[in-house]
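K.L.:
2 protein chains.
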Amino acid sequence: MDAQKSTASSEFDLYLAQCRDLVIEEIKDIVPADERYGPVLYDLMLEYPLRRAKGFRPALCMATCRALGGHLEQTLRTAAVLEMYHNAFLIHDDVEDGSLKRRGGPTLHQTYGVPIAVNVGDAMLALSLQPLLDNMALLGLGKALRILQMVAEMARQSAEGQALELFWIRQGRWGLEDDDYRHLVHKKTGWYTFVAPILIGAIIAGVEDERQETLRQLCWDLGIAFQITDDVLNLVANENAYGKEINGDLWEGKHTLILMHAMRQATDAQRAQHGATLRKARHEKTPQEVADLRALIDDKGSIGYAQEIAAAHAKAAAEHLRATADWMPPSIHRAFIQELVQRVTSRLA
Amino acid sequence: MDAQKSTASSEFDLYLAQCRDLVIEEIKDIVPADERYGPVLYDLMLEYPLRRAKGFRPALCMATCRALGGHLEQTLRTAAVLEMYHNAFLIHDDVEDGSLKRRGGPTLHQTYGVPIAVNVGDAMLALSLQPLLDNMALLGLGKALRILQMVAEMARQSAEGQALELFWIRQGRWGLEDDDYRHLVHKKTGWYTFVAPILIGAIIAGVEDERQETLRQLCWDLGIAFQITDDVLNLVANENAYGKEINGDLWEGKHTLILMHAMRQATDAQRAQHGATLRKARHEKTPQEVADLRALIDDKGSIGYAQEIAAAHAKAAAEHLRATADWMPPSIHRAFIQELVQRVTSRLA
Numbered sequence: 001m002d003a004q005k006s007t008a009s010s011e012f013d014l015y016l017a018q019c020r021d022l023v024i025e026e027i028k029d030i031v032p033a034d035e036r037y038g039p040v041l042y043d044l045m046l047e048y049p050l051r052r053a054k055g056f057r058p059a060l061c062m063a064t065c066r067a068l069g070g071h072l073e074q075t076l077r078t079a080a081v082l083e084m085y086h087n088a089f090l091i092h093d094d095v096e097d098g099s100l101k102r103r104g105g106p107t108l109h110q111t112y113g114v115p116i117a118v119n120v121g122d123a124m125l126a127l128s129l130q131p132l133l134d135n136m137a138l139l140g141l142g143k144a145l146r147i148l149q150m151v152a153e154m155a156r157q158s159a160e161g162q163a164l165e166l167f168w169i170r171q172g173r174w175g176l177e178d179d180d181y182r183h184l185v186h187k188k189t190g191w192y193t194f195v196a197p198i199l200i201g202a203i204i205a206g207v208e209d210e211r212q213e214t215l216r217q218l219c220w221d222l223g224i225a226f227q228i229t230d231d232v233l234n235l236v237a238n239e240n241a242y243g244k245e246i247n248g249d250l251w252e253g254k255h256t257l258i259l260m261h262a263m264r265q266a267t268d269a270q271r272a273q274h275g276a277t278l279r280k281a282r283h284e285k286t287p288q289e290v291a292d293l294r295a296l297i298d299d300k301g302s303i304g305y306a307q308e309i310a311a312a313h314a315k316a317a318a319e320h321l322r323a324t325a326d327w328m329p330p331s332i333h334r335a336f337i338q339e340l341v342q343r344v345t346s347r348l349a
Numbered sequence: 001m002d003a004q005k006s007t008a009s010s011e012f013d014l015y016l017a018q019c020r021d022l023v024i025e026e027i028k029d030i031v032p033a034d035e036r037y038g039p040v041l042y043d044l045m046l047e048y049p050l051r052r053a054k055g056f057r058p059a060l061c062m063a064t065c066r067a068l069g070g071h072l073e074q075t076l077r078t079a080a081v082l083e084m085y086h087n088a089f090l091i092h093d094d095v096e097d098g099s100l101k102r103r104g105g106p107t108l109h110q111t112y113g114v115p116i117a118v119n120v121g122d123a124m125l126a127l128s129l130q131p132l133l134d135n136m137a138l139l140g141l142g143k144a145l146r147i148l149q150m151v152a153e154m155a156r157q158s159a160e161g162q163a164l165e166l167f168w169i170r171q172g173r174w175g176l177e178d179d180d181y182r183h184l185v186h187k188k189t190g191w192y193t194f195v196a197p198i199l200i201g202a203i204i205a206g207v208e209d210e211r212q213e214t215l216r217q218l219c220w221d222l223g224i225a226f227q228i229t230d231d232v233l234n235l236v237a238n239e240n241a242y243g244k245e246i247n248g249d250l251w252e253g254k255h256t257l258i259l260m261h262a263m264r265q266a267t268d269a270q271r272a273q274h275g276a277t278l279r280k281a282r283h284e285k286t287p288q289e290v291a292d293l294r295a296l297i298d299d300k301g302s303i304g305y306a307q308e309i310a311a312a313h314a315k316a317a318a319e320h321l322r323a324t325a326d327w328m329p330p331s332i333h334r335a336f337i338q339e340l341v342q343r344v345t346s347r348l349a
């Protein structure tokens, strides 16, 4: 069993690494090597993509397309654009959240300042449009248009998700239910991590609309399981392996399912105390206040609570994937997607 | 003569006001009235557009299209998108430049903070894509595609221009020639203020490529004359009428033709002194240091120097416009463009 698992695991890593190499080459081809803007524009577009990252968004797009009978060369450019959008969002999100670390290094605005970071993100979004227009020749008008619409929708959903969280932070709002969290992360993370990559892969392969509905359900559960697991890792992972700052979510006052649960379970006195901490900006919080938040989470058993919910969503995702068996036959591409679904909650192991 | 001038003037203002009303309605139609994100997303998209502004970018798009035989309803949606792009750039530029005032009010990030401002800009860009895709049905595939490409190019040119200036600021670079300035403002301002609105208007009207070249030359000169005049206004205007902070460019250390001239003409000792001021961030500069910069500009006659160059470019722009007479017959739309060209340098009056 163990030997089999380790084979599957290394095949998975190999698949991911091969996709990543292809996507990096594609991104280097899209980003011009133009020295006239010094080191503050095009060089910086490659900074996050070249850092240690799994790149499973473009890999999911490629794998879905190929598992459904499409060809690699049909997806490469679009998969690279999805990775560029993702990285542009990361740059702006890091500015908005005041994050310090990203993929094992300092965030872009920490090193180059907010003005350069905001502009690099904008320029990456600007560069991403032309390759999607080039899809007209590669994929035909119909598919190219649907991909453009999906990307427009993805950008909108992500910005709405970001706005929702900024709104909650501004209101100091913690009387929220798990369904509020699900709604938030589906928009903020699920859309650009799963919905757009997987559905665009399916569109390129020419999958009918009814089947896309099953894929959408898969993405819903996968996105929630993924984000809860990421929230848990933020509290318990080894910082070097994780690549982000441990407890960073507490410093930034993020609305994780874990913290929302702890705040709901808190006594009125605790809620008042921690609510005051969470209303403070990152630099106003003290290490003791953050340690107290962490202690509240342990006291209320919120990590275990969140892990159970993540496991339930991962199980539902696996069931949705099984429901595609009729029209997505076994292949290394399907096996990759299947392994990714299994791994979503086991990243903790 | 005076009476005639005042008639022309009021016709111009009326034309502009009518275009603006149409564009505001169109923007309100594109931006959803969605309360779920509180007051931190869609409400804020209307904040800059609804402030006192002339809105001559969309007006130029509409006027060019109609002057060349196109119809108003063909341009409305696209003109509104150009105004949304412009306002999204303003929000991000204000963050990047640390600007305090915009159109007579505080900048968005001053009131709502950088995170919300950056996200509102991103969301406006996300919302702007779908209406351009809708052009496929309205204008046909060929024109819709060329407009999308023009918008992609505009976004890229603007980001490159912004990067160029951020690079110069980072380097503390002031040994620059007037041609460097021309190159900068054509990218940073000229493209989204003139090239994209005018050429997109021409594309919608179905103008051939050779004629577009004359329009591009018009835009080159118009953009430079426009930006120099804006730089002069930043130093000499009445703050209430101008809507931005007087001397704001000096506080922000912007590379204006005026300041570049003054720094070139400065003695080595002056250049060292003022170079040190300009390397400082806005909040590190003292009022006295900024007053000293202003005195250097007066001492070197840099405002008069810049006005002469602006006048030469305005004259060249008027000549390019005259060269279109064969294929852009007299109309109220052409008259509007003509008056705008005349006014570019006379905004000081």
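For the record, the sequence lines run as chains A and B. Just so you know, we're using this note's numbering here: the first sequence kicks off at 1 and counts up by one. Just so you know, we're using this note's numbering here: the second sequence kicks off at 1 and counts up by one. Ideal Cβ placement from N, Cα and C applies to all residues, glycine included. Nothing here was measured: the structure is a model prediction, and the numbers come from that model.
1) Short of 7 Å in beta carbon distance, which residues of its chain neighbour Ala152 of chain B, apart from the five on each side in sequence? Order them along the chain.
2) Going by alpha carbons, who is nearest to Tyr319 of chain A out of A:Gln338, A:His333, A:Lys285, A:Pro329?
3) Can you say whether Ser346 of chain B is buried or exposed, counting buried as having 16 or more other CB atoms within 10 angstroms of its CB?
4) Do you know how far the Cα of Gly243 of chain A is from the Cα of Thr78 of chain A?
5) Between which two residues does the alpha helix (DSSP H) harbouring Glu73 of chain B extend?
6) Does the distance from the C-beta atom of Glu160 of chain A to that of Ala80 of chain A stay below 8 Å?
7) State buried or exposed for Trp327 of chain A, treating a residue as buried only when at least 16 other CB atoms are found within 10 Å of its CB.
8) Counting only beta-carbon atoms, is Asn87 of chain A nearer than 8 Å to chain B?
9) At least one CB of chain A closer than 8 Å to the CB of Arg102 of chain B: is that the case?
10) Who are the neighbours of Met45 of chain B on chain A, taking C-beta pairs under 8 Å?
11) Report the rounded CA-to-CA distance for Ala276 of chain B versus Leu41 of chain A, giving the unit in angstroms.
12) Taking the CB atoms as reference points, tell me whether Leu72 of chain A and Met84 of chain A lie closer together than 8 Å.
13) Would you call Asp29 of chain A buried or exposed, if buried means 16 or more other Cβ atoms sit within 10 Å of its Cβ?
14) With DSSP run on the structure shown, which of helix, strand or coil describes Ile52 of chain A?
15) Taking 7 Å as the cut-off, does the CB of Ala306 of chain B come closer than this to any heavy atom belonging to the ligand GDP?
16) What do you get for Pro329 of chain A, buried or exposed, if any count of 16 or more other CB atoms within 10 angstroms of its CB means buried?
17) Please state the DSSP three-state secondary structure of Lys188 of chain B.
18) Would you say His92 of chain B reaches chain A, if we count a Cβ-Cβ gap shorter than 8 Å as a contact?
19) Between Glu35 of chain B and Arg170 of chain A, what straight-line distance do the alpha-carbon atoms span, to the nearest angstrom?
20) Can you tell me which of the three DSSP states Lys143 of chain B falls into?
21) Taking the straight line between their C-alpha atoms, what separation do you get for Pro287 of chain A and Leu133 of chain A?
22) Within 8 Å, do at least three Cβ pairs link the region 232-249 of chain B to the region 195-211 of chain B?
23) Three or more beta-carbon pairs under 8 Å between the region 42-56 of chain A and the region 87-106 of chain A, yes or no?
24) Can you tell me the Cα-Cα spacing of Phe194 of chain B and Pro58 of chain B, whole angstroms?
25) Out of A:Ser99, A:Ala311, A:Ala205, which has the shortest C-alpha to C-alpha gap to Leu68 of chain A?
26) Could you check whether the Cβ of Val114 of chain A sits closer than 8 Å to any Cβ belonging to chain B?
27) Tell me whether the beta-carbon of Phe226 of chain A lies closer than 8 Å to the beta-carbon of Val344 of chain A.
28) I want to know whether the region 175-185 of chain A touches the region 260-278 of chain A - three or more CB-CB distances under 8 Å.
29) Exposed or buried, which one is Leu340 of chain A when buried takes at least 16 other CB atoms within 10 Å?
30) Buried or exposed: Asp268 of chain B, going by 16 or more other Cβ atoms within 10 Å of its Cβ?
31) Going by Cα to Cα distance, which pick from B:Arg216, B:His183, B:Gly121, B:Leu148 is closest to Ala155 of chain A?
32) Is the CB of Leu141 of chain A under 8 Å away from at least one CB in chain B?
33) What is the DSSP secondary structure of Pro106 of chain A, counted as helix, strand or coil?
34) Mapping the DSSP letters down to three states, classify Lys315 of chain B as helix, strand or coil.
35) Would you identify the three-state DSSP class for Thr101 of chain A, choosing helix, strand or coil?
36) Along the chain, which unbroken stretches of the alpha helix (DSSP H) at least 4 residues long are found entirely within the region 159-210 of chain B?
P.N.:
According to the data block:
1) In the same chain as Ala152 of chain B, and ignoring 5 residues on each side of it, no C-beta atom comes closer than 7 Å to its own.
2) Residue 319 of chain A is actually Glu in this sequence, not Tyr. Glu319 of chain A has its Cα closest to that of A:Gln338, out of A:Gln338, A:His333, A:Lys285, A:Pro329.
3) Answer is exposed; the Cβ neighbour count stays below 16.
4) So the two alpha carbons sit approximately 26 Å from each other.
5) Start and end: 72-97.
6) Going by C-beta atoms, Glu160 of chain A is not nearer than 8 Å to Ala80 of chain A.
7) Taking every protein chain shown into account, the CB of Trp327 of chain A has fewer than 16 other CB atoms within 10 angstroms, so this residue is exposed.
8) Under the Cβ criterion of 8 Å, Asn87 of chain A is not counted among the residues facing chain B.
9) It does not; no Cβ of chain A falls within 8 Å.
10) Result: empty, since nearest Cβ-Cβ is about 10 Å, beyond 8 Å.
11) Annotation: Ala276 of chain B to Leu41 of chain A spans about 25 Å, alpha carbon to alpha carbon.
12) In this structure, Leu72 of chain A sits away from Met84 of chain A, with a CB-CB distance that is not shorter than 8 Å.
13) The C-beta of Asp29 of chain A has fewer than 16 other C-beta atoms within 10 Å across all chains shown, which makes the residue exposed.
14) Before going further, note that residue 52 of chain A is Arg rather than Ile in the sequence given. Of the three classes helix, strand and coil, the one that applies to Arg52 of chain A here is coil, per DSSP.
15) The ligand GDP is not part of this structure, which contains no ligands at all.
16) In this structure Pro329 of chain A is exposed. Its beta-carbon is surrounded by fewer than 16 other beta-carbon atoms within 10 angstroms.
17) For Lys188 of chain B, the three-state secondary structure derived from DSSP is helix.
18) By the rule that beta-carbons nearer than 8 Å mark a contact, His92 of chain B touches chain A.
19) Straight through space, the alpha carbons of Arg170 of chain A and Glu35 of chain B are spaced by roughly 15 Å.
20) Three-state result, Lys143 of chain B: helix.
21) Roughly 49 Å separates the two Cα atoms.
22) The region 195-211 of chain B is not in contact with the region 232-249 of chain B.
23) Yes, since at least three Cβ pairs between the region 42-56 of chain A and the region 87-106 of chain A fall closer than 8 Å, the two stretches touch.
24) Per the coordinates, the alpha-carbon of Phe194 of chain B lies some 10 Å from the alpha-carbon of Pro58 of chain B.
25) Minimum Cα-Cα distance from Leu68 of chain A among the listed residues A:Ser99, A:Ala311, A:Ala205 corresponds to A:Ala205.
26) Taking a beta-carbon distance threshold of 8 Å, Val114 of chain A counts as an interface residue toward chain B.
27) Contact annotation: Phe226 of chain A and Val344 of chain A have beta-carbon atoms nearer than 8 Å.
28) The region 175-185 of chain A and the region 260-278 of chain A touch, with no fewer than 3 CB-CB distances between them shorter than 8 Å.
29) So Leu340 of chain A counts as buried.
30) Per the 10 Å Cβ criterion, exposed.
31) The shortest C-alpha separation from Ala155 of chain A is found at B:Gly121.
32) Look at Leu141 of chain A: its C-beta is under 8 Å from a C-beta on chain B.
33) Strand.
34) In this structure, Lys315 of chain B counts as helix in the three-state DSSP scheme.
35) According to the sequence displayed, residue 101 of chain A carries Lys and not Thr. Strand, per DSSP.
36) Qualifying alpha helix (DSSP H) stretches, in chain order: 178-185, 196-205.
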